[in-house]
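In the working numbering, the protein residues as written are 2 to 132.
Here is the structure:
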């Protein structure tokens, strides 16, 4: 696991704005924690906001996203699902959330499921005037 360019800067910005952040993955919890550690991202996420396949149902079910929203006292309109795979975008749509597709290969193909498509976090930072 390796942090993608711009990802730490984005997380720092979101954290400074007081945004609640979680991770919903189809990976197991042990691998999730190790990936965050290797990417030096552990401090951005409360442990109770890390949802893995060990807590079924997994994406594309919206249940994990709904759990996080409920935990935060937020509604779907307050949340954004960011992902690089179809299950991420399907889960976000099913939960009624805005979706951002990280298309690092710039191939498209899932644009219909995304409110925004970016090829990198650096691009997202520039589009958002956060860089």
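For every residue, glycine included, the Cβ atom is placed at its ideal position computed from N, Cα and C.
- Membership of residue 21 in any beta strand (DSSP E) is not indicated, and neither H nor E is assigned to it by DSSP.
- In the three-state reduction of the DSSP assignment, residue 54 falls in the coil class, being assigned neither a helical nor a strand state.
- Apart from sequence neighbours up to five positions away, the residues of its chain that approach residue 87 with a beta-carbon distance below 8 Å are 61, 111, 114, ordered along the chain.
- One thing to note: residue 100 has its Cβ no nearer than 8 Å to the Cβ of residue 109.
- Around the Cβ of residue 33, a 10 Å sphere holds 16 or more other Cβ atoms; the residue is buried.
- With a threshold of 16 other beta carbon atoms within 10 Å, residue 63 meets it and is buried.
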